[in-house]
Amino acid sequence: MTIDHDEHDLQERFEAVVARHDRIEPRDWMPEQYRATLVRQIAQHAHSEIIGMQPEGGWITRAPSLRRKAILLAKVQDEAGHGLYLYSAAETLGVSRAELTDKLISGRQKYSSIFNYPTLSYADVGTIGWLVDGAAICNQVPLCRTSYGPYGRAMIRVCKEESFHQRQGFELLMTMMRGTDEQRAMVQESVDRFWWPALMMFGPPDDDSPNTAQSMAWGIKRDTNDELRQKFVDMSVPQAERLGVTFPDPELRWNPERGHHDFGQPDWDEFRAVVRGEGPCNAQRLAHRRRAHDDGAWVRDAATAFARRGA
Amino acid sequence: MATDPTTDPQATGGDYSADGGHGAVPLQGVPTGLGEAAAGEWPLYEVFVRGKRGLNHVHVGSLHAADDAMAVRNARDVYTRRNEGVSIWVVRADAITASSPDEKDPLFAPAGDKVYRHPTFYDIPADVPHM
Numbered sequence: 007m008t009i010d011h012d013e014h015d016l017q018e019r020f021e022a023v024v025a026r027h028d029r030i031e032p033r034d035w036m037p038e039q040y041r042a043t044l045v046r047q048i049a050q051h052a053h054s055e056i057i058g059m060q061p062e063g064g065w066i067t068r069a070p071s072l073r074r075k076a077i078l079l080a081k082v083q084d085e086a087g088h089g090l091y092l093y094s095a096a097e098t099l100g101v102s103r104a105e106l107t108d109k110l111i112s113g114r115q116k117y118s119s120i121f122n123y124p125t126l127s128y129a130d131v132g133t134i135g136w137l138v139d140g141a142a143i144c145n146q147v148p149l150c151r152t153s154y155g156p157y158g159r160a161m162i163r164v165c166k167e168e169s170f171h172q173r174q175g176f177e178l179l180m181t182m183m184r185g186t187d188e189q190r191a192m193v194q195e196s197v198d199r200f201w202w203p204a205l206m207m208f209g210p211p212d213d214d215s216p217n218t219a220q221s222m223a224w225g226i227k228r229d230t231n232d233e234l235r236q237k238f239v240d241m242s243v244p245q246a247e248r249l250g251v252t253f254p255d256p257e258l259r260w261n262p263e264r265g266h267h268d269f270g271q272p273d274w275d276e277f278r279a280v281v282r283g284e285g286p287c288n289a290q291r292l293a294h295r296r297r298a299h300d301d302g303a304w305v306r307d308a309a310t311a312f313a314r315r316g317a
Numbered sequence: 018m019a020t021d022p023t024t025d026p027q028a029t030g031g032d033y034s035a036d037g038g039h040g041a042v043p044l045q046g047v048p049t050g051l052g053e054a055a056a057g058e059w060p061l062y063e064v065f066v067r068g069k070r071g072l073n074h075v076h077v078g079s080l081h082a083a084d085d086a087m088a089v090r091n092a093r094d095v096y097t098r099r100n101e102g103v104s105i106w107v108v109r110a111d112a113i114t115a116s117s118p119d120e121k122d123p124l125f126a127p128a129g130d131k132v133y134r135h136p137t138f139y140d141i142p143a144d145v146p147h148m
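Chains as they are written, first to last, in the numbering used here: chain A, 7 to 317; chain B, 18 to 148.
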């Protein structure tokens, strides 16, 4: 491969912008691998938000009160919005939204493995808000400073709304913990199921994450997987105590020497299997997304025909 | 690099990053769709929102819509769910003409050597009031 003089200059200018923590903007020159990495990351982040509507969306019609139903509707609508902010950011890199949708429903692009777990009780709505969205916040807050401008700006919007998601979840669980023994057991059972998948959201350990160094050099990623996971555990333990639930990890304890909690490792074989498509709900989630897309085809066609007539 | 990971959708083993944001997603072995054209897609609109009276409209993102009226309605749902705005502009992205930041002779260079356009260029004694 030969790099001509011009491209060398452009590369240097790109690296200088990243080095001074300035932002790369859509019309700037950027290395093709930087562009490809960003497309994969942003597109699959968007897919995660869109698929993420499903586990909780199924509970909207079965919410226990009008208040909870209104909250859950708003939350699920936010997830759609987050997906749209992110698709919008991905498109600035030169991909089409229709193409990304096609890559999702054909299973060629992935989404976060957390959404391939089922939601078996209403307590899961609370647990997802508290732990799943809590883990997402740990990931997303540093991404507000990511080197690609449109991605960072989308993350700022997302983070503002994510705080509502986490708080409504924790409040829901607190309400249940003030209820009957049966309700408290439901909360504990739900936390037991979601704790390990939530820890997996940060990805494999650093020594098994060969992309991290490049992503950090490019300023896309600001913290390593293990740093983020540690932060999440340290944040969650006192919240669990306040709530009155435990996490299903016998190795979880405070380590005064490190000033952090020690904790066990999730089952990474399970993680890889779920990403490969072998999780409990992979097929169901994709089939639902595909059906929604197909069922909406006549609406898209009608709107297109109407727009053509009006023009 | 021996193989192009973008063309090998099966190669998703063991190579992940947490930067999927809402959970780890593979950053290798996934096709990007870069360079693939989509036929029949609704046009792209850029969205501008006036946050409150007295402020300019500011660019907030983009969306697809079949026509202008639908673009405004979608913009309200996507970008102003929490009173973020009192007014929305939408404009088709293909109607925008932009400067290119990486042009050889930068559009903004002429401003660089005109320091006398800034108030700090002028030395005024500290005891002159109200200046």
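C-beta atoms are modelled at their ideal positions from N, C-alpha and C, and glycine is treated no differently.
Strictly under 8 Å for the Cβ-Cβ distance: is residue i near chain A by that measure?
| i | result |
| --- | --- |
| P142 of chain B | no |
| D84 of chain B | yes |
| R98 of chain B | yes |
| P123 of chain B | no |
| K131 of chain B | no |
| A4 of chain B | Here chain B covers residues 18 to 148 and nothing more, so residue 4 of chain B does not appear. |
| H135 of chain B | no |
| Y139 of chain B | no |
So, for residue i: in the same chain, excluding its five sequence neighbours on each side, which residues have a beta-carbon less than 7 Å away from its beta-carbon?
| i | result |
| --- | --- |
| L78 of chain A | E62, W65, I66, A69 and V131 |
| E101 of chain B | V66 and G68 |
| K237 of chain A | C144 |
Under DSSP, the alpha helix (DSSP H) around residue i begins and ends at which residues?
| i | result |
| --- | --- |
| S94 of chain A | L72 to E97 |
| Y40 of chain A | E38 to I57 |
| N100 of chain B | No alpha helix (DSSP H) contains N100 of chain B, which DSSP labels as neither H nor E. |
| T277 of chain A | Per the sequence shown, the amino acid found at residue 277 of chain A is Phe instead of Thr. Unbroken alpha helix (DSSP H) run through F277 of chain A: W274 to A279. |
| K109 of chain A | R103 to I111 |
| K166 of chain A | G155 to M183 |
| Q146 of chain A | D139 to L149 |
Between residue i and the rest of its own chain, which residues show a CB-CB distance below 6 Å, the 5 nearest in sequence each way excluded?
| i | result |
| --- | --- |
| W201 of chain A | F253 and P254 |
| E167 of chain A | D84 |
| S1 of chain A | This structure does not reach residue 1 of chain A, given that chain A is present from 7 up to 317, and the question cannot be answered. |
| G330 of chain A | As shown, chain A starts at 7 and ends at 317. That puts residue 330 of chain A outside it, with no answer to give. |
Using a C-beta cutoff of 8 Å, does residue i count as contacting chain E?
| i | result |
| --- | --- |
| H51 of chain A | The structure shown has no chain E; the protein chains it does contain are A and B. |
In terms of residues, what are the limits of the beta strand (DSSP E) holding residue i?
| i | result |
| --- | --- |
| G78 of chain B | H74 to H81 |
| T266 of chain A | One detail in the question is off: residue 266 of chain A reads as His in this sequence, not Thr. Note, H266 of chain A: beta strand (DSSP E), H266 to D268. |
| N122 of chain A | Taken as a continuous stretch (DSSP letters only), N122 of chain A belongs to no beta strand (DSSP E), as it is neither H nor E. |
| L205 of chain A | Careful: L205 of chain A lies outside any beta strand (DSSP E), inside the alpha helix (DSSP H) at D187 to M206. |
| Y62 of chain B | L61 to R67 |
| R259 of chain A | R259 to N261 |
Would a check of beta-carbon distances place residue i closer than 8 Å to chain B?
| i | result |
| --- | --- |
| T43 of chain A | yes |
| K237 of chain A | no |
| T252 of chain A | no |
| N217 of chain A | yes |
| Y91 of chain A | yes |
| S94 of chain A | yes |
| M59 of chain A | no |
Note down the Cα distance separating residue i from residue j, rounded to an integer number of angstroms.
| i | j | result |
| --- | --- | --- |
| A52 of chain A | H88 of chain A | 7 Å |
| R151 of chain A | P146 of chain B | 42 Å |
| R67 of chain B | G155 of chain A | 21 Å |
| P142 of chain B | M148 of chain B | 10 Å |
| K69 of chain B | D15 of chain A | 43 Å |
| G158 of chain A | V281 of chain A | 25 Å |
| D240 of chain A | M207 of chain A | 16 Å |
| D229 of chain A | R315 of chain A | 51 Å |
| Q245 of chain A | E276 of chain A | 27 Å |
| Q172 of chain A | N261 of chain A | 27 Å |
| Q189 of chain A | Q174 of chain A | 17 Å |
| R264 of chain A | E63 of chain B | 49 Å |
Which residues in the same chain have their Cβ closer than 8 Å to the Cβ of residue i, if we skip the five residues on either side of it in sequence?
| i | result |
| --- | --- |
| A86 of chain A | E55, I56 and M59 |
Chain-ordered residues of the segment 115 to 137 of chain A with a beta carbon less than 7 Å from chain B: The residues in question are Q115, K116, Y117, S118, S119 and I120.
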